[in-house]
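The listed protein sequences correspond, in order, to chains A and B. Residue numbers for the first sequence follow my numbering, so the first one is 135 and each next one is one higher. Residue numbers for the second sequence follow my numbering, so the first one is 2 and each next one is one higher. Cβ coordinates follow ideal geometry from the N, Cα and C atoms, glycine included. Since this is a predicted model, take the numbers as computed values, not measurements. Quick notes on the structure that follows.
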Amino acid sequence: MQLRTKITSIFIVLTSLFLTGIFILIYYFSKTYTESEFYLRLSQRATIAAQAYLEADDMNLDIYDDIRIRHLQTLPNEKEVIYPVDAESKKPLVKMDKSLPERFYQQIFSEEYAELKKDDYYYTGLLYHDNEGDFIVVLSATDLYGFGKLDNLRNILIITFFISIIFIFILGRYYAKQALSPIAKIIKEVNSIRAESLSLRLETVNGKDELTQLATTFNNMLDRLQISFDLQNNFINNASHELRNPLTAILGQTEIALNKARTEEEYHSILQNIDREAARLDFLVNGLLKLAQTDFDSKGFLIEPIRLDEMLLHIKQNLDVSIPNNRIELNFEALPENEDAITLMGSESLLKVALGNILENACKFSNNKRVTVKIVSDAGYILLTIKDEGVGIPEDELKNIYEPFFRASNVRKIEGFGFGLPLAYRIIKMHAGEIRVVSQINKGTLVKIKLPNKDLENVPSLKL
Amino acid sequence: MRRILIPTDFTINSLQLVEYAILNFPDTKLDIVLIAGYRLPDTRWGVTHFHEREKIREQVSGKFKEAKRRIVLEHKNAIETISFELFTGVNSFAFQNFLEQINVDDAVVPSKKALFCPNSKWFDTTDFIKSNMKNVIETPIEISEEVTDKKFSLISLFNL
């Protein structure tokens, strides 16, 4: 079912329910009012009848009859009956009409007035006290005018109901179409976007309604898709470019070497250059291999308990060799007494790569300024903060830092390939951890890592 | 020690600004003052029964308290205290008086509009801070699901 038809149908059902309720109420109150009005008239006529017949000795019967007929219209099928009764013992002195229920007479005795409806007839009964004794006056009539009016009202309400439904159907359909037309437009526009035309965007108007938000959400999604497409393309471009550079250098060097006979020193120097470029190539290929391993085939890693503080000390020792003038400060002041609180289950080799990369980046991009590393244990998690005072990451590039080969615009001059942080991110995710980077340009970067310790119950399963 | 003013909307997200403050003021003990704007009630009853601390307490969720505690734990050396202040004024003059009272040196605010007010009574003080303070550091903060959930919740329909 189309959304448009669905909205219209729901609208019609709800409105018809509402209208039915309202119309039933109107009919019910009109009927009650008509009946009560008719009973009033009946009771007035019963009083007049009683006075006409029972006080005939005191006044002129002819005058009463004259008034009744001339000024008070006789009701349709009007019939009056007067029974002499004994009000004290509540007993009739003559035989009463047995077709009327006993409770009707009882009510007259107790309340001196009663009403009753039987078939189309309305009855009112009065207890009348006279100098000749007590009497019950029962007056009955049919309310032909009232019935006519009510029938008329019912017909009007039924016709109004159907006319309203037709109008509501037409209006509902029109407005549903109007309201959904932007969605139809969005569907058409989204359908026209292909992989080759990812730069197309949906038209958005100023406003805060849901459809504008939908269009904006689509546009944001397209932005992300385009970025990831671009990054993927860049990855291939960058990877081939980075692989080609050392290869070109090696080929150039060998060509020079083979061009003519060289001295021993020259060959030595050429071989040294080739060795350097080959080492660069080796590093690059190893990096790519690790990235691929964390992405696809991640089985076969040894899972063991690792004390994070000890691991950081090892990493620091290694970095002291590769970056001798680093200023890494390990802050273990907040270490808990319980060593399990800073022990986690994971792959030592992978975590070493991840934390090593982050620390190396911190040193590299801060020109060996101070880097502080702090471990805190809290509620089943190990919180690691690595803070440097380096160049920082530009605000709009923060979201891309986990993409392989992405390099921030302000660090192009610093050597690197751009897969240190992406690799670290994947490894930490594999250990059911979280990594967050807070950075401000020329102020520094704060890397926050949260890893579950081995004591944590309900630990999210390691994706190793 | 430096007293830093940071606008807040009582979401965990807004606490990122505290980390930016730490990043901007290394080797300094920070006295963080989190500030939120609240419009005073219109009725006499409302004004006489208005309690600043109570209003703040109503807004601070368990998760927020936990995140605040964790930040203090992580940056014990950098953070001296984190306190809350409520700005109930309506214009810049009121804000300047407020600044004199709380005596802050610097402010860290989000560069884009990232704070969300839970209802029409609450307002974001970022613009007041930007226009009335000299040392304002603008920082990027991410808007996460937490804010969007609140923004599009049923209750927000009534905050016209």
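message = With a threshold of 9 Å between beta carbons, is B/E20 in contact with chain A?
response = yes
request  = Closer than 8 Å by C-beta to B/D106: which residues in its own chain qualify, once you throw out the five before and the five after it? Chain order, please.
outcome  = R3, R4, I5 and N136
N-terminal and C-terminal residue of the beta strand (DSSP E) that A/E245 is part of = Element bounds for A/E245: not the beta strand (DSSP E) but the alpha helix (DSSP H), E236 to E245.
inquiry  = Helix, strand or coil for A/L517? Go by DSSP, reduced to three states.
reply    = strand
inquiry  = Taking DSSP's pairing of strands, which residues face A/M479 in a bridge?
reply    = A/P439
Any C-beta of chain A under 9 Å from that of B/N14 = no
query = How would you call B/A37, buried or exposed, if buried means at least 16 neighbouring beta carbons within 10 angstroms?
reply = buried
ask   = Would you report the Cα separation of A/L163 and A/K225, rounded to the nearest angstrom?
value = The sequence given here places Phe at residue 163 of chain A; Leu does not occur at that position. Taking the straight line joining both Cα atoms gives about 37 Å.
message = Within 9 Å of any Cβ in chain B, is that where the Cβ of A/L517 sits?
response = yes
inquiry  = With three or more beta-carbon pairs closer than 8 Å as the criterion, would you say the stretch 251-260 of chain A touches the stretch 167-177 of chain A?
reply    = yes
request  = Give the DSSP-derived three-state secondary structure of A/N465 in the structure shown.
outcome  = strand
ask   = By how many angstroms is the C-alpha of A/A183 removed from the C-alpha of A/E246?
value = 16 Å
ask   = Buried or exposed: where does A/I492 fall if 16 or more other Cβ atoms within 10 Å of its Cβ makes it buried?
value = buried
Nearest-angstrom Cβ-Cβ length linking A/I561 and A/L518, presumed shorter than 8 Å = In fact, because the Cβ distance is near 13 Å, the residues do not count as touching under 8 Å.
key: Own chain partners of B/K64 with C-beta closer than 7 Å, once the 5 adjacent residues on each side are dropped   = I13
inquiry  = Can you check which of these residues, A/I449, A/A395 and A/N379, is closest to A/E411 by C-alpha distance?
reply    = A/N379
query = Apart from the five residues on each side of it in sequence, which residues of its chain come closer than 6 Å, Cβ to Cβ, to A/Y536?
reply = P556 and Y559
inquiry  = Let me check understanding here. Comparing Cα to Cα, which of B/A115, B/Y39 and B/S93 lies closest to B/Q17?
reply    = B/A115
task = Label A/Y239 either buried or exposed according to how many other C-beta atoms from any shown protein chain fall within 10 Å of its C-beta, with 16 as the threshold for buried.
result = buried
request  = Only counting runs of 3 or more residues, tell me where the beta strand (DSSP E) segments fall wholly within the stretch 76-124 of chain B, in order along the chain.
outcome  = 80-88 and 107-111
task = Alpha carbon to alpha carbon, how far is A/G524 from A/D431? Give it in angstroms, no decimals.
result = Annotation note: pLDDT 46 at A/D431 (below 50); position unreliable, coordinate value reported separately. About 35 Å.
Helix, strand or coil at B/E59 according to DSSP, with G and I counted as helix = helix
inquiry  = Among the candidates A/G578, A/L442 and A/V147, whose CA atom is the shortest distance from the CA of A/T477?
reply    = A/L442
query = If A/A275 sits next to A/Y256, beta carbons under 8 Å apart, how far is it from one beta carbon to the other, in whole angstroms?
reply = 6 Å
request  = With DSSP collapsed to three states, give me the class of A/V228.
outcome  = coil
message = Let me confirm a value: A/I297 is counted as buried when at least 16 other C-beta atoms fall within 10 Å, else exposed. Which label applies?
response = exposed
request  = Drop a sphere of 10 angstroms on the beta-carbon of B/Y39, count the other beta-carbons inside from all chains shown, and report buried for 16 or more, exposed for fewer.
outcome  = buried
inquiry  = At the level of alpha carbons, what is the spacing between A/Q451 and A/A329?
reply    = 49 Å
request  = Determine the extent of the beta strand (DSSP E) in which A/K582 is found, giving its start and end residues.
outcome  = G578 to P586
message = If contacts are defined as beta-carbon pairs under 8 Å, then B/S93 and B/F129 qualify, I think. What distance do you get, rounded to the angstrom?
response = 7 Å
message = I'd like to confirm the pairing. Which residues does DSSP put opposite B/R70 in its beta bridges?
response = According to DSSP, B/R70 bridges with nothing at all.
ask   = Is A/P316 helix, strand or coil by DSSP?
value = helix
inquiry  = Does the CB of B/H52 have a neighbour CB from chain A at under 9 Å?
reply    = no
query = Is it a yes or a no for the stretch 15-31 of chain B touching the stretch 93-103 of chain B, going by three-plus beta-carbon pairs under 8 Å?
reply = no
task = Using three-state DSSP, classify A/I561 as helix, strand or coil.
result = helix
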